[in-house]
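Residue numbers (our numbering): 2 to 276.
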């Protein structure tokens with residue numbers, strides 16, 4: 002069966018299915034209606050849109066889209082970091098005005114400290130693509146992750162120490178009870194005044210009202226947000242108005258190859274499930 006819009010209630014004929022491929026279906030439909038459900042393939046990397054405790058209790062096999070979006074997201078992060086330090090927005094503004102004017106305060110990435118908060122598949126791909134630029138990779142994760150690309154590791158218990166030592170923060174955390182609202186005013190304030198922040202995880206990881214408060218204090222060289230507490234981002238959100246904030250509509254995961262990757266992954270997981 003094919004259900005066009007996950008936000009709509011599904012037909013009762015769906016209730017007898019053994020498996021479901023979805024993203025946010027269970028935010029709008031009660032999973033308890035699916036009495037025979039044994040297999041769930043998520044089209045998202047995160048598990049924050051499903052009732053995970055119920056799924057574990059019922060021993061339903063669930064798979065996320067691990068590895069499907071890592072490449073386009075990591076490329077997007079590299080693009081955004083280069084945009085910051087190579088003053089791309091300023092050059093675009095000059096072009097619109099037909100002005101030939103050199104910008105002299107352009108920086109290299111060499112020696113910059115990139116802090117990756119959450120070192121899963123996406124975090125690793127980001128590190129792999131940034132390392133050749135000569136940056137230092139610092140990682141903060143709840144696990145004791147090991148990788149030759151990492152120069153310094155921090156446990157999330159020491160996140161304050163991590164935040165104060167980095168030039169660029171890339172947030173690639175999963176959303177759960179421990180990470181929701183993790184970056185509040187106190188933690189954002191710890192960061193260097195001219196540091197940069199990039200969020201490609203979930204908007205709820207940052208306390209948005211605190212970020213707005215910090216931005217009003219002229220903090221951050223650049224803030225790149227692809228995810229938000231409420232999506233679409235309301236048209237009256239103050240975030241639209243800051244010159245150093247760059248907004249995209251949860252688009253960093255898109256590429257021409259993701260559907261093929263998702264198909265291959267789903268087929269692989271179905272085969273493993275049937276064994």
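Here a beta-carbon is modelled for each residue, glycine too, at the ideal position from N, C-alpha and C.
Under the rule that 16 or more other beta-carbon atoms within 10 Å means buried, what is residue 135, buried or exposed? exposed
Taking Cβ positions, are residue 260 and residue 227 nearer each other than 8 Å? no
Is residue 38 near residue 7, with beta carbons less than 8 Å apart? Remark: C-beta atoms of residue 38 and residue 7 do not approach each other more closely than 8 Å.
Please tell me whether, using a cut-off of 7 Å, the distance from the CB of residue 263 to the nearest non-hydrogen atom of the ligand FAD is below it. Ligands in the displayed structure: none, and consequently the ligand FAD is not present.
Work out the CA separation of residue 171 and residue 214 for me, nearest whole Å. 20 Å
Apart from the five residues on each side of it in sequence, which residues of its chain come closer than 6 Å, Cβ to Cβ, to residue 175? Residues 47 of the same chain have their beta carbon placed closer than 6 Å to that of residue 175, with the five preceding and five following residues left out of the count.
If distances are taken between C-alpha atoms only, which option among 41, 89, 148, 36 comes closest to residue 14? Its Cα nearest to that of residue 14, the residue 36 stands out among 41, 89, 148, 36.
Residue 146 and residue 186 closer than 8 Å at C-beta: no
Give me, in chain order, the residues of the same chain whose beta-carbon lies closer than 8 Å to that of residue 111; leave out the 5 immediate sequence neighbours on both sides. Only 134, 135, 136 meet the Cβ criterion.
Can you give, in chain order, each stretch of the beta strand (DSSP E) that sits fully within the segment 147-231 and has at least 3 residues? With a minimum length of 3 residues, the continuous beta strand (DSSP E) runs that stay inside the segment 147-231 are 153-156, 169-172, 197-200, 223-226.
Report yes if the C-beta distance between residue 115 and residue 61 is below 8 Å; otherwise report no. In this structure, the beta-carbon distance from residue 115 to residue 61 does not fall below 8 Å.
Take residue 24 as the anchor and find which of 177, 91, 63, 181 has the nearest alpha-carbon. 63
Which residues does DSSP list as the beta-bridge partners of residue 142? 156
Could you check where the alpha helix (DSSP H) with residue 11 kicks off and where it finishes? First-last for residue 11: undefined, no H or E at that position.
If you check the beta carbons only, do residue 118 and residue 132 fall under 8 Å apart? no
Based on the DSSP output, what are the partners of residue 42 in its beta bridges? 22, 64
Kindly indicate which residue of 255, 17, 275 has the alpha-carbon position closest to the one of residue 70. Put simply, of 255, 17, 275 the residue whose alpha carbon is nearest the alpha carbon of residue 70 is 255.
Which listed residue (45, 246, 18) has its alpha carbon closest to that of residue 32: 18
Taking one C-beta from the segment 70-85 and one from the segment 245-253 each time, how about it: are there three or more such pairs within less than 8 Å? yes
Output needed for residue 54: all residues of its chain with C-beta closer than 8 Å, excluding positions within five of it in sequence on either side, in chain order. none
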